[in-house]
Amino acid sequence: MPEIKERPILFSAPMVRAILEGRKTVTRRAVKFPLIDRDFGCELAGNEIGQSEAHRLCPYGQPEQRLWVRESWWQAGDWQATYPEDDTGAWFGSKRVVYSADGTPPNEPNTSYPNGLRNGAYSAAAPNKIWRHRPSIHMNRWASRILLEINDVRVERLQDITEAQAKAEGVRLYTDHAELGDWWHVEGIETYSADPRKSFELLWSSVGGDWQANPWVWVVEFKRVTP
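Every letter in the sequence shown is one number past the one before it in my numbering, and letter 51, counting from 1, is 799.
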């Protein structure tokens, strides 16, 4: 049986939580043009892309292939340098991690820092010394805890998103005042809307996307599987 192909994909902490809670089962990523068809050596410059072409050309993979999630994280370890803030030395990281989506690491006293650390720095238990915050792009495969299997891939205009798809993107239902009806929002954005599409628009804009440009996007539907 051939090995299933895997690729990395980045998600923010709020979207990681949405995946873990089962609220997010699809992601949209801007199509980067020019898009080259490697099979034919031609350039697809913003024209309609059929389903079969989408499956072949999507940089995130094809149905039944997998995506391993990169998220921001903390890694316990030690610098070769003298002080934690001096990152000029080599970093010796362990396989002990805390995921930013779950919170901050414990501040564990050790022989170097018997009283722990402060101001956003955290000491780690021996044989490590400190916790180092690592951006998602620097997550190693072994540290990833979330594996996704692609169900479907297609290309569409961003603003063609439906209400159902906006909900599947991980927007959250505001439940504190259910008597007011359904209101939707994005974690970290204190704006509520009766239209989940509007909440998704805010989500798209929050990561630097241009909603008004209505770009072509890859629509990647997935399900979580056991790593």
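Every residue gets a Cβ at the ideal spot worked out from N, C-alpha and C, and that includes glycine.
Count the other CB atoms within 10 Å of the CB of residue i; is the residue buried (16 or more) or exposed (fewer)?
i, result
"alanine 793", "The predicted model places alanine 793 with a pLDDT of 48, which falls under 50 and marks its position as unreliable; any figure quoted below should be read in that light. That one is exposed."
"arginine 786", "Because arginine 786 sits at a pLDDT of 49, beneath the cut-off of 50, its placement in the model cannot be relied upon, and the following sentence gives the value as read from the coordinates. Flag for arginine 786 reads exposed."
"glycine 851", "exposed"
"phenylalanine 948", "buried"
"aspartate 930", "exposed"
"phenylalanine 781", "exposed"
"aspartate 826", "buried"
"alanine 1015", "Only positions 749 to 975 of the chain appear in this structure, which leaves residue 1015 out of reach."
Is the CB-CB distance between residue i and residue j below 8 Å?
i, j, result
"arginine 818", "methionine 887", "yes"
"arginine 920", "valine 901", "no"
"serine 848", "tryptophan 822", "yes"
"isoleucine 894", "isoleucine 752", "no"
"tryptophan 959", "valine 779", "no"
"valine 774", "glutamine 913", "yes"
Please determine, among the options, the residue with the shortest C-alpha to C-alpha distance to residue i.
i, options, result
"alanine 869", "Leu758, Thr910, Ala824, Val955", "Ala824"
"isoleucine 885", "Ile752, Pro750, Glu751, Pro756", "Pro756"
"glutamate 812", "Gly918, Phe970, Pro975", "Phe970"
"glycine 717", "Ala873, Trp839, Glu897", "Examination of residue 717 is not possible in this model, given that the chain is present from 749 through 975 alone."
"arginine 777", "Gly936, Glu917, Tyr940", "Glu917"
"phenylalanine 840", "Asn876, Ser954, Gly770", "Asn876"
"serine 954", "Asp943, Ile937, Asn962", "Ile937"
"alanine 891", "Arg771, Ile878, Ser842", "Ser842"
"tryptophan 966", "Lys772, Cys806, Ser760", "Cys806"
"alanine 909", "Gly837, Gly956, Asn962, Pro975", "Here residue 909 is isoleucine; the residue named in the question, alanine, does not match the sequence. With distances taken between Cα atoms, isoleucine 909 lies closest to Asn962."
"proline 883", "Ser820, Thr859, Tyr922, Tyr861", "Ser820"
"leucine 906", "Tyr922, Asn867, Leu950", "Leu950"
"arginine 972", "Ser871, Asn899, Ala874, Ala838", "Asn899"
With residue i and residue j assumed to form a contact (beta carbons below 8 Å), what rounded beta-carbon distance in angstroms separates them?
i, j, result
"glutamate 911", "arginine 945", "6 Å"
"tyrosine 940", "tryptophan 932", "7 Å"
"asparagine 863", "proline 857", "6 Å"
"arginine 814", "glutamate 754", "5 Å"
Open item on the list: I'd like the ranges of any beta strand (DSSP E) spanning at least 3 consecutive residues and lying wholly in the region 886–943.
Closed with: 895–905, 920–922, 931–934, 937–941
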